[in-house]
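Data first, discussion second: the structure below is written as structure tokens.
In this note's numbering, the protein residues as written are 69 to 377.
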């Protein structure tokens, strides 16, 4: 048995902001993927995944049946027969490892599922997002449901606000373009829940709340609009502002050894860094107008280009 592949995702813009209704833009990232599998002689990873799936199946059975119901009997049976999620998606890296698993389980076991082939109205997208949010909360404590949605649809998703999301097109890549979005490997696994709780704690502070609204969300929304319009000049101006706001106000989410690199990008304009997912480790997202300059400036770092323009 081998299920279909579900891909990782990258939230280009909107981390933390979407909790407070900023815009967001999430794109599938096909470099990493995962699929449900069953095989002889499972590895240690496969056994751990199978144990986790057992707990997940019990959790899914407890969800509100009006929201979503599953063929729990078949799921239980497959899990008892050693099913696991075989995935190349790094965990704790902000690229949606649990999202791909949630999408795979929904695809295979949900009753009356909304399929990718039907006309995806805003209502259907919001319903899917609510279902995925409830499912993924098993892993994160609180989930927006966007990662699984992206993985399930394998389409870029534009978040206008909590209740307004749509599948969107993004400007096509220029294979020989100098401009690039890239991932920087921090070499540390990030944990989502502690980062989100630091953010929620900060939200009790009025100064932090107004910074979020007047600076963070303002620049995030502008970045999303610029990217979709293909206005790269404005995009880099706004990404620089966003990178600065994050360095000044989200320090705990940036691994300490990257504080200097982050500032260096802002000083030289060779690249700008921002959080990829909740931060605390995992990947850091980079934007540059000249990938050769960025590579030179970030020598010794593991750098992976995800989009050229």
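By construction, the Cβ of each residue, glycine as well, lies at the ideal position given by its N, Cα and C atoms.
Here the structure is a predicted model, which means the values were calculated and not measured.
Hey, quick one: how far does the beta strand (DSSP E) through residue i stretch, first residue to last?
i, result
"residue 227", "225-229"
"residue 163", "Premise fails: residue 163 is in no beta strand (DSSP E) and is neither H nor E."
"residue 385", "Examination of residue 385 is not possible in this model, given that the chain is present from 69 through 377 alone."
"residue 372", "371-376"
"residue 341", "340-343"
"residue 285", "Careful: residue 285 lies outside any beta strand (DSSP E) and carries neither H nor E."
Determine, using beta carbons only, whether residue i and residue j come nearer to each other than 8 Å.
i, j, result
"residue 92", "residue 350", "no"
"residue 150", "residue 252", "no"
"residue 142", "residue 177", "yes"
"residue 213", "residue 192", "no"
"residue 240", "residue 208", "no"
"residue 277", "residue 234", "no"
"residue 101", "residue 171", "no"
"residue 231", "residue 194", "yes"
Check the DSSP bridge columns for residue i and list the partner residues they point to.
i, result
"residue 253", "351"
"residue 74", "102"
"residue 172", "Looking at the DSSP assignment, residue 172 forms no beta bridge with any residue, so it has no partner."
"residue 96", "77"
"residue 234", "226"
"residue 260", "Answer is none; residue 260 lacks a bridge partner."
"residue 356", "248"
Here's the rule: buried if 16 or more other CB atoms are within 10 angstroms of the residue's CB, otherwise exposed. What is residue i?
i, result
"residue 211", "buried"
"residue 258", "buried"
"residue 83", "buried"
"residue 184", "exposed"
"residue 96", "buried"
"residue 345", "buried"
"residue 321", "buried"
"residue 343", "buried"
Following a CB-centred definition, is residue i positioned closer than 7 Å to any heavy atom of the ligand FAD?
i, result
"residue 108", "The model depicted lacks the ligand FAD and carries no ligand whatsoever."
What first and last residue would you give for the alpha helix (DSSP H) that runs through residue i?
i, result
"residue 83", "Run containing residue 83: none; DSSP gives neither H nor E here."
"residue 205", "190-208"
Practice problem: Would you be able to state if there are at least three C-beta pairs under 8 Å between the region 77-84 and the region 200-220? | Solution: yes
Quiz item: So, do the region 305-323 and the region 265-285 have three or more beta carbon pairs nearer to each other than 8 Å?
Solution: yes
Quiz item: Do three or more CB pairs link the region 201-208 to the region 122-131 at distances below 8 Å?
Solution: yes
Quiz item: Given 8 Å as the limit, is there contact between the region 291-300 and the region 324-339, that is, 3 or more CB pairs closer than that?
Solution: no
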